[in-house]
Amino acid sequence: VTDPKTIAEWRTYINTLSGAALLSKARAANQVAFVRMLESDGLNPADIAEVFRLFAQRLVGDGQEPPSRFDGSYIDYGVLLHPVHLP
């Protein structure tokens, strides 16, 4: 998949990534511009959150620590994997 548009295509694409390429793509995806692109492709907020979860899960599966907050980041990947539930 070279230009993923659906959740299934994103899952397939993300699962092909590993190592430095995976980390680089996950960090690049973690920006408002990426979210806007997904919205323009027709993905709804739940779908967009799923794309981020797929990146986070793949990072863990690849033995990498999901990046937390960094300059320009849109979301904390770690929170997706371990959400904080407030009373």
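Just so you know, we're using the numbering used here here: the sequence shown kicks off at 2 and counts up by one. The beta carbon of each residue, even a glycine, is placed where N, CA and C say it ideally should be.
> Along the chain, which unbroken stretches of the beta strand (DSSP E) at least 3 residues long are found entirely within the region 25 to 70?
Replying inline: none
> Where does L82 fall in DSSP's three states?
Replying inline: helix
> Assuming L60 and L23 make a contact with CB atoms under 8 Å, what is their CB distance in whole Å?
Replying inline: 6 Å
> Do you know offhand how far L44's Cα is from P5's?
Replying inline: 11 Å
>> Assess contact between the region 28 to 42 and the region 68 to 77, defined as three or more Cβ pairs (one per stretch) separated by less than 8 Å. Is contact present?
In response: yes
> Does the distance from the C-beta atom of A57 to that of L18 stay below 8 Å?
Replying inline: no
>> I need the boundaries of the alpha helix (DSSP H) containing I76, first residue and last residue.
In response: That residue, I76, is in no alpha helix (DSSP H); it is neither H nor E in DSSP.
>> Pop quiz: D48 and I8 are said to be a contact at Cβ under 8 Å. What is the actual Cβ separation, rounded to whole angstroms?
In response: 6 Å
> If we call anything under 8 Å between Cβ atoms a contact, is S69 one with D77?
Replying inline: yes
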